[in-house]
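In my numbering, the protein residues as written are 383 to 684.
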């Protein structure tokens, strides 16, 4: 294992740990409405990433990226749609955490890879081995058990899983630097965020200018909290095998689950444990089969 790969692994693990503990950050802002947090998150993410572009002397390259995207209308509008999908994902996540559904957010990010698999089959004509087919079936059983026990469809989990999976599917076909890409994505959503924030100001509903200093600082740093893990993840995955980054992605929802149950006393009954066990087993089965596939392919190349 080379130095770059080891560094990539560290970056990815740090990114997932940050994502895993992120509910604590949003809980500190639970007295602020989810829509104001989202508007601020978009605005401050754009400012922070644009500052990184300027400091890195990549402003000219950012303009080139925009021109190249506009020249390829499919990529331009694809990234535009992706930016609103991830914004919808952010809103759902913030709302769920502050409404006391951290366990369901962890479920969403557990089933996200399996939704991505289904999208890959439908849109990219990818094929699954028998072990991978069984893993999808096990996950489906887990979700059905949870749905029946809840008495209603776990829409928060599925909204998170589907929006992020679609976001990943679109981004897969668009090659762009992580920092500049995030700058462009937030730029697409910026007009809506600014318009809504102005509305909150005129309606006297904005907390930003009337709250204490700690709340204001936390709101400003939502940009940093958003961008840093995404940048670490993007940089890390470039230097490590895809199957390995896929294995590490379960760090985040596991930490979210522990945070929800241990720190915020969210319910985790025997039925939920049974449901999550099916999903955990599905993910282990899928990951092991994927690792074996990669090793077999490497053995044949030698």
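Where a beta carbon is used, it is the ideal one built from N, C-alpha and C, also for glycine.
1) Below 7 Å between beta carbons: does that hold for residue 546 and residue 494?
2) Going by C-alpha distance, which of 393, 399, 425 and 392 is nearest residue 590?
3) Give me the Cα-Cα distance between residue 418 and residue 480, rounded to the nearest whole angstrom.
4) Quick one: what does DSSP say residue 415 is sitting in, helix, strand or coil?
5) So which of 389, 476 and 540 has the shortest CA-CA distance to residue 421?
6) Which residues in the same chain as residue 463 place their Cβ atom closer than 7 Å to its Cβ, once the five residues preceding and following it in sequence are excluded?
7) With DSSP run on the structure shown, which of helix, strand or coil describes residue 504?
8) Can you grab the Cα-Cα spacing for the pair residue 568 / residue 653, in whole Å?
9) If we call anything under 7 Å between Cβ atoms a contact, is residue 615 one with residue 478?
10) Between 390, 533, 555 and 578, which has its C-alpha nearest residue 505's C-alpha?
11) Closest to residue 634 by CA distance: which of 438, 584 and 402 is it?
With the structure as the only source:
1) Taking the first residue of the chain shown as 1, we reach residue 546 at position 164. Taking the first residue of the chain shown as 1, we reach residue 494 at position 112. Yes, the pair counts as a contact, with Cβ atoms nearer than the cut-off.
2) Here residue 590 refers to the residue found at position 208 when the chain shown is read from its first residue. Closest option to residue 590, Cα to Cα, is 425.
3) On the chain shown, position 36 is the one that residue 418 refers to. On the chain shown, position 98 is the one that residue 480 refers to. Distance between the alpha carbons of residue 418 and residue 480 is about 13 Å.
4) Taking the chain shown and counting its residues from 1, the one referred to as residue 415 is at position 33. In the structure shown, residue 415 sits in coil (DSSP, three-state: anything other than H, G, I, E or B).
5) Here residue 421 refers to the residue found at position 39 of the chain shown. Closest by alpha carbon: 476.
6) As a position in the chain shown, residue 463 is number 81, starting the count at 1. For residue 463, where only same-chain residues beyond five positions count, the Cβ hits under 7 Å are 552.
7) To locate residue 504, count along the chain shown from 1; it is residue 122. Helix.
8) Taking the first residue of the chain shown as position 1, residue 568 is located at position 186. Taking the first residue of the chain shown as position 1, residue 653 is located at position 271. Roughly 40 Å between the two C-alpha positions.
9) Walking along the chain shown from the start, residue 615 turns up at place 233. Walking along the chain shown from the start, residue 478 turns up at place 96. No; because the gap between Cβ atoms is not below 7 Å, this pair is not in contact.
10) As a position in the chain shown, residue 505 is number 123, starting the count at 1. Ranking the options by Cα distance to residue 505, first place goes to 555.
11) Residue numbering aside, residue 634 sits at position 252 when the chain shown is read from its first letter. The shortest C-alpha separation from residue 634 is found at 402.
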